[in-house]
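In our numbering, the protein residues as written are 534 to 751.
Have a look at the structure below, then the notes.
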């Protein structure tokens, strides 16, 4: 393996490790992060650590604060709106592609995920993990790596929002189960148009629920 290949792999490792820490709440909006801390944490050199952080900054997960340096990005109400508009466009496309491209076993797996979901409604954390798995499965069914990459990035940004997920509300969790079931069935029926409409509706409902959790702008 060449030195450049090793450095690239380590940069990928830094990118993924910090991204996951943001997505799971280990790193919160406003937390400082540097190439020094990242390198020490992951036991790698500063160069790949810096490359990984620059990628996260380019994707909007990190921001350069004038006085504090690199920090986990915060999301204001306007940014949240823009993110959900983008998500609606991409999730609609993904659902349509999934209905057209998913294999039989993939469809079976998607339906199986919805079958298990009802039993998780009382467990917020389990429901949050399951929600990510469900949407991840639809993206896999679409067989479009670029749509998957861009949508995963937006999902990670939303996951880092200081208000948390709309799934903290049990009424929303019950609603999500029905929305997921309808979407999975449309994909399994290869009804691309219906799947697209249901995916867009699901994202709009998630946005509306998310707004209720947002603090007023400071």
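By construction, the Cβ of each residue, glycine as well, lies at the ideal position given by its N, Cα and C atoms.
For residue i, three-class secondary structure by DSSP
{"i": "residue 735", "result": "helix"}
{"i": "residue 709", "result": "helix"}
{"i": "residue 547", "result": "helix"}
{"i": "residue 560", "result": "coil"}
{"i": "residue 654", "result": "coil"}
{"i": "residue 541", "result": "helix"}
{"i": "residue 714", "result": "helix"}
{"i": "residue 672", "result": "helix"}
{"i": "residue 552", "result": "helix"}
{"i": "residue 723", "result": "coil"}
{"i": "residue 699", "result": "helix"}
{"i": "residue 687", "result": "helix"}
Cβ-Cβ distance between residue i and residue j below 8 Å
{"i": "residue 595", "j": "residue 612", "result": "no"}
{"i": "residue 631", "j": "residue 675", "result": "yes"}
{"i": "residue 733", "j": "residue 643", "result": "no"}
{"i": "residue 602", "j": "residue 578", "result": "no"}
{"i": "residue 653", "j": "residue 659", "result": "yes"}
{"i": "residue 575", "j": "residue 548", "result": "no"}
{"i": "residue 604", "j": "residue 565", "result": "yes"}
Bounding residues of the alpha helix (DSSP H) (the contiguous stretch that carries residue i)
{"i": "residue 746", "result": "Looking at the DSSP string, residue 746 is not in any alpha helix (DSSP H), and its letter there is neither H nor E."}
{"i": "residue 637", "result": "637-650"}
{"i": "residue 594", "result": "Per DSSP, residue 594 belongs to no alpha helix (DSSP H) and is neither H nor E."}
{"i": "residue 629", "result": "610-634"}
{"i": "residue 570", "result": "568-575"}
Residue environment, residue i, which counts as buried when at least 16 other CB atoms sit within 10 Å
{"i": "residue 639", "result": "buried"}
{"i": "residue 563", "result": "exposed"}
{"i": "residue 610", "result": "exposed"}
{"i": "residue 544", "result": "buried"}
{"i": "residue 750", "result": "Here residue 750 scores only 44 on pLDDT, less than 50, and its place in the model is too uncertain to base an answer on."}
{"i": "residue 599", "result": "exposed"}
Unbroken beta strand (DSSP E) run spanning residue i, endpoints
{"i": "residue 676", "result": "First-last for residue 676: undefined, no H or E at that position."}
For residue i: DSSP bridge partner residues
{"i": "residue 602", "result": "598"}
{"i": "residue 565", "result": "604"}
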